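A short write-up of the structure that comes next.
In my numbering, the protein residues as written are 2 to 189.
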């Protein structure tokens, strides 16, 4: 009897402890960073360096317009612990369950009143939508999404699947944009 009461007490204590850990954490989103006494080329070089260290590949840089865009970067999986492009538990889980890619766009411009250089960042997130193939039985389940064998899974799409496959826009990733802006600000 005493043992069952002790176990019940420990189970209740564990539940209360876990409920406290489940509290949603506050995260401050930064929309832009302004830095004084920095030239446009230096800001672009710093931004490019930060993005490359985060494993993004630069697609376009326009120094005259103050614009920088990356190529889409697939979301880091759980075993890629060195990558930092998933910010928050939800984004980590989503990138491990789905094919996610992100594209970062930075705009650098001078403020009107104080002539500071201001940097904004927008990270667009997309998820791969891949229609299922037809299966006749459970033994053909390896080929639901591709023409692979059960012994070796490969993503080999059929012509019909290729035509209807698309990237679905999931909106902006404000947390990753904030992390990028903070890294740029720390480097300047």
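Just so you know, even glycine gets a beta-carbon here, dropped at the ideal spot from N, CA and C. Only a predicted model underlies this, so the values are computations on that prediction, with no experimental measurement involved.
Neighbourhood of residue i by C-beta distance below 6 Å, restricted to the same chain and skipping five residues each side
i, result
"residue 30", "175, 179"
"residue 184", "51"
Sub-8 Å separation of residue i and residue j beta-carbons
i, j, result
"residue 111", "residue 126", "no"
"residue 57", "residue 42", "no"
"residue 188", "residue 71", "no"
"residue 118", "residue 35", "yes"
"residue 93", "residue 128", "no"
"residue 121", "residue 33", "yes"
Segment limits, alpha helix (DSSP H) that includes residue i
i, result
"residue 178", "175-188"
"residue 96", "90-98"
"residue 161", "160-165"
Coil, strand or helix - residue i by DSSP
i, result
"residue 61", "strand"
"residue 39", "coil"
"residue 105", "strand"
"residue 72", "coil"
"residue 34", "strand"
"residue 54", "helix"
"residue 78", "coil"
"residue 6", "helix"
"residue 49", "helix"
Residue span of the beta strand (DSSP E) that contains residue i, given as start and end
i, result
"residue 124", "118-130"
Beta-carbon contacts of residue i that lie in its chain and below 8 Å, excluding the five residues immediately before and after
i, result
"residue 1", "One cannot answer for residue 1 here, as it falls past the ends of the chain, which runs 2 to 189."
"residue 85", "55, 77, 180"
"residue 173", "123, 124, 125, 126"
Same chain, Cβ closer than 7 Å to residue i, neighbours up to 5 away in sequence not counted
i, result
"residue 4", "none"
"residue 83", "none"
Residues sharing a beta bridge with residue i, DSSP
i, result
"residue 170", "127"
"residue 111", "118"
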